[in-house]
Structures are given as C-alpha cells and as structure tokens.
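Asker: Submitted below is the structure of interest, expressed as structure tokens.
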Amino acid sequence: MAPESVAVPELEKGVGCDIDSSLLASDGFSEERIARAKALLGSRVVILGHHYQRDEVVKFADFRGDSLKLCQQAAGTRAEYIVFCGVHFMAESADVLRQAHQVVVLPDLAAGCSMADMAEIGQVETCWEELRFAGASGVIPITYMNSSAAIKAFVGRHGGSVCTSSNAARVMRWAFARGERVLFLPDEHLGRNTGWQLGLPLDQMAVWDPSRECGGHDEATLARAKVILWKGYCSVHQRFQPEQVDAVRRRTPGIRVIVHPECRFEVVRKSDQAGSTDGIIRAVREAKPGTAWAIGTEIHLVNRLAHEHPEQTIVSLDPHVCVCTTMFRISPQHLAWALENLAEGHVVNRIQVDDEARRWARLALETMLALP
Ligand code: SF4
C-alpha cells in the first residue's frame, strides 16, 4: 500500500524574501509560466531538483539528485544560470563548484537548512580555540556537505575535508590517518553513526555543545575523545524513533527498515540498513519485487519511491508527516518568478560565496573528491 499523500503547509506570502503578487498565482498557471520561461532560456539555464523537493517543482528539473551530484552536474553544463531547487547550503556549494561564467540562483532565499544553521562560523572558531587551550592535539576537522560555505572554508583552511553521507566512513578513516582525533560538523548523528561503523566505542565520542564553555567538557574528557561531535541535527531525520522501528515490524513482519544515517544512533542500530538518499534509492531499485520497506527519510522521496516502484511495498517509518519544510518553500511560484526574471535579463536571488571562502571551501571539497 502506498503512503497517503502529504498535507503540506501553504506558502506564506513574503516571509523572509522578496515576493511579488504574481507568486500567489495558481499552480497550474505557474507551471505554464515555468515551461514558457524555461523554453525561452533554453540551454542558458539548468534547473536542479533535490530528492526531497516537491513533485510539482522537481518535474521541471534537468537533474534530480543529492546536493553534491547536482552541483557537479550543473558545473559540467554550459548553462549560464544554475537554478537550485534545494536549500541555501546547496546553492552555496553549487557556487563553490561552478564555472567562472555561471551564476547560481535560489528561488526562495528563505529556503535554509536547520542542520546547517546549527553551526555558525563564530561558534566553530571558538570551539577550535578552546580545543587548543584544552590541549586536544591532532584534531582534523570534517564537515558534512550540509553546512554553510563558511564552515567548509574553515575546514579547508585547517587541513580537513568535506564528507557526504555515502563517504563519511572513508573520510573519517582518512582523517585518522592524519591526526589523533576528528572534529565532526555539524551533524552529531552522522558523526556518531560513522564513528561506530569504524569501531569506535560511544565513550570515545564527545558531543560539543557550543552554548557551553569548552563544549560542556573537562580536559580529561576531551583528551580521551577520538571524535568530537558538533551538537547539530536534521530536524526531519531526528524525528524518527526506535519505537517506530518496533511498531512497523509488529505491523508488517519481515519488512525491511532502511534509514538515512542522519537518524539517531538507536534508530540506525535497530534498522536493517542505513544509506544515503542514493543508497536508499539503489536498495529499493535492486530489491526483489514484493519486498516491503519502511523508509526513514524525507517524505517526498519516500512517496516518489512508492510511486516509481509499484512492485514494492513502501511506507514511511514515521506514520506522520516528515517533511523538510524549508525545502518545501521552493514553490512553483518561486521557480516561475526566478525563471521569468532570468529570461528578462534580471538575476534575482543570486547566491554568491566570497572569493576567499570559495577558495578554501573548494579545497575542502576537492580533498574529499580526491580520496580513493
Ligand atoms: S532534510 Fe534536514 S538536512 Fe536536509 S535540507 Fe532539510 S533540514 Fe537540512
């Protein structure tokens, strides 16, 4: 049985971005406007749709995928305009990896990411200083793709690397070959799940709370910690609970539970497997027809998988709505507005990382991409 369609909040007019009255047009009308503006722009524009993006937007995407893959695909085109239907850090990453002639646009500037917002550069710099004062030596910083360009640049400046949810273990292994410990930003859960995967016991992973002095730790704890986990999380994936795994197994014996590694440690431990968005898609695609799945990730991807794989039984692990509300802010109206402006020669909502941050953030990304 496919999951029920999701009730989602209406677009709030004008919250946090410059919206004109044409954004309130009906979706049918917006779709005509998008198609028209896209046809006018032709190969001058490439539209990127993240896996968690809503269907009425993603249907116009030239590429659909995770944020890194989308950035690379856009940079590989000759398009002048990259319109990112995702969230702010993704558009920044596209700007870091773009070619010199390309311009990146985020259709709604209010489309942020709760996790990326939890690591602010000033806090991270304070943490770095406090770790040095506490005598925590040999620290290699790693930041998850889901972080601001400023954090990626910080990591690049300090000899670290970016990671994705599919290569986090590889990047952490690389870091341990270079230093004694890792500062993992900004997702506590991905960091812990990855450390555990590499065989680290939980008591060697300390959570750094930026609101407390020295992250809330004494020197002895920091000296013992092999991984220092930034206290950040994804508000969507943190919703999944271990009890939901038990409940779905009771309801459907034999069901396979697959979750994103941004989920809590207890949820990942109870599941049959964990995987990135691409990993989840691959697992479902390659499974035998008739397999039942409970999937712990954003609902738009779960619903799309259910629609595209009628041969499987696919439900959300969370029976309630589990939507990325910030990603959802990119509406057909915003997309139509951005494209029409581009077609008229006006660049709106440009995302531009300053040159210095761009250079270091690119180094942190290239370090990851160069790993065997
Ligand atoms: S799903 Fe979570 S990590 Fe991804 S964009 Fe939304 S809030 Fe950020």
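All letters in the sequence shown, in the order written, are residues -2 to 369 by my numbering.
Virtual Cβ for every residue (Gly too), placed ideally from N, Cα, C.
These numbers come from a predicted model, not from an experiment.
1) Determine the extent of the alpha helix (DSSP H) in which residue 304 is found, giving its start and end residues.
2) Using the C-alpha atoms, what's the distance from residue 255 back to residue 289?
3) Measuring CB to CB, does residue 38 end up less than 7 Å from residue 348?
4) Got a sec: does the ligand SF4 put a non-hydrogen atom nearer than 6 Å to the Cβ of residue 117?
5) Out of 143, 43, 316, 173, which one is the CA nearest neighbour of residue 185?
6) So for residue 260, helix, strand or coil by DSSP?
7) Tell me which residues pass a beta-carbon proximity test against the ligand ZN: closer than 7 Å to any heavy atom, given in chain order.
8) Among 92, 217, 232, whose alpha-carbon lies nearest the alpha-carbon of residue 65?
9) With a threshold of 6 Å on Cβ separation, who are the neighbours of residue 310 within its own chain once the five nearest residues in sequence on each side are excluded?
10) Would you mind sorting residue 369 into buried or exposed? The rule is 16 or more other CB atoms within 10 Å of its CB.
11) Which value, in whole angstroms, describes the spacing of the CA atoms of residue 357 and residue 367?
12) Only counting the same chain, and skipping five residues up and downstream in sequence, which positions put a Cβ closer than 6 Å to that of residue 152?
13) Can you list, in chain order, the residues of its chain whose CB lies under 7 Å from that of residue 335, leaving out five sequence neighbours each side?
14) Select from 224, 26, 147, 118 the residue whose C-alpha is nearest the C-alpha of residue 350.
15) List the residues that DSSP assigns as beta-bridge partners of residue 227.
16) In or out: residue 243 buried (at least 16 other Cβ within 10 Å) or exposed?
17) Pull up the DSSP beta-bridge partners for residue 376, would you.
18) For residue 294, does the count of other Cβ atoms within 10 angstroms reach 16, so buried, or fall short, so exposed?
19) From residue 266 to residue 220, what distance separates their C-alpha atoms?
20) When the Cα of residue 325 is compared with those of 94, 97, 68, 106, which residue comes out closest?
21) What would DSSP say about residue 121, mapped onto helix, strand or coil?
22) Let me know the secondary structure DSSP gives residue 347 once reduced to three states.
23) Starting from residue 62 and walking both ways along the beta strand (DSSP E), at which residues does that stretch end?
24) When we look at the beta-carbon of residue 215 and count the other beta-carbons within 10 Å, is it buried (16 or more) or exposed?
25) Tell me the DSSP secondary structure of residue 140 in three-state form.
26) Could you check where the alpha helix (DSSP H) with residue 188 kicks off and where it finishes?
27) What's the C-alpha gap between residue 108 and residue 119?
28) What are the boundary residues of the beta strand (DSSP E) that includes residue 47?
29) Please report how far the alpha carbon of residue 116 lies from the alpha carbon of residue 264, in whole angstroms.
30) To the nearest whole angstrom, what separates the beta carbons of residue 296 and residue 313, a pair I think is in contact under 8 Å?
31) Out of curiosity, what's the CA-to-CA distance linking residue 67 and residue 58?
Answerer: Taking the structure as given:
1) First-last of the alpha helix (DSSP H) with residue 304: 296 to 305.
2) Going from the Cα of residue 289 to the Cα of residue 255 covers about 11 Å.
3) Cβ atoms of residue 38 and residue 348: not closer than 7 Å.
4) Not under cutoff, so the answer is no.
5) Closest option to residue 185, judged by alpha-carbon separation, among 143, 43, 316, 173: 143.
6) Here residue 260 sits in coil by DSSP.
7) The ligand content of the structure shown is limited to the ligand SF4, which means the ligand ZN is not among them.
8) Comparing Cα positions, the closest option is 92.
9) The beta carbon of residue 310 sits closer than 6 Å to those of 289, all from its chain and outside the five residues before and after it, given in chain order.
10) Exposed, since its Cβ has fewer than 16 Cβ neighbours within 10 Å.
11) Near 15 Å, if we compare the C-alpha coordinates of residue 367 and residue 357.
12) Counting only residues of its own chain and dropping the five nearest sequence neighbours on each side, residue 152 has a CB closer than 6 Å to the CB of 138, 140, 361.
13) Within the same chain, and ignoring the five residues on either side of residue 335 in sequence, the residues whose Cβ sits closer than 7 Å to its Cβ are 80, 102, 104, 345, 346.
14) The option with the nearest alpha carbon to residue 350 is 147.
15) 205, per the DSSP bridge assignment.
16) It counts as exposed.
17) With the chain covering only -2 through 369, there is no way to say anything about residue 376.
18) Its Cβ being crowded by 16 or more others within 10 Å, residue 294 is buried.
19) Our two residues, residue 266 and residue 220, have alpha carbons roughly 27 Å apart in a direct line.
20) The shortest Cα separation from residue 325 among 94, 97, 68, 106 belongs to 106.
21) If DSSP states are grouped into helix, strand and coil, residue 121 belongs with the helices.
22) Three-state DSSP puts residue 347 in a strand.
23) Its beta strand (DSSP E) spans residues 60 to 62.
24) Residue 215 should be labelled exposed.
25) In the structure shown, residue 140 adopts extended strand secondary structure according to DSSP, grouped into three states.
26) Segment 185 to 194, the alpha helix (DSSP H) holding residue 188.
27) C-alpha separation (whole angstroms): 22 Å.
28) Residue 47 -> beta strand (DSSP E) spans 42 to 47.
29) Separation of residue 116 and residue 264 (C-alpha to C-alpha, rounded to the nearest whole angstrom) is 24 Å.
30) Contact between residue 296 and residue 313 holds: their C-beta atoms lie close to 6 Å from each other, under 8 Å.
31) Rounded to the nearest angstrom, the two C-alpha atoms are 10 Å apart.
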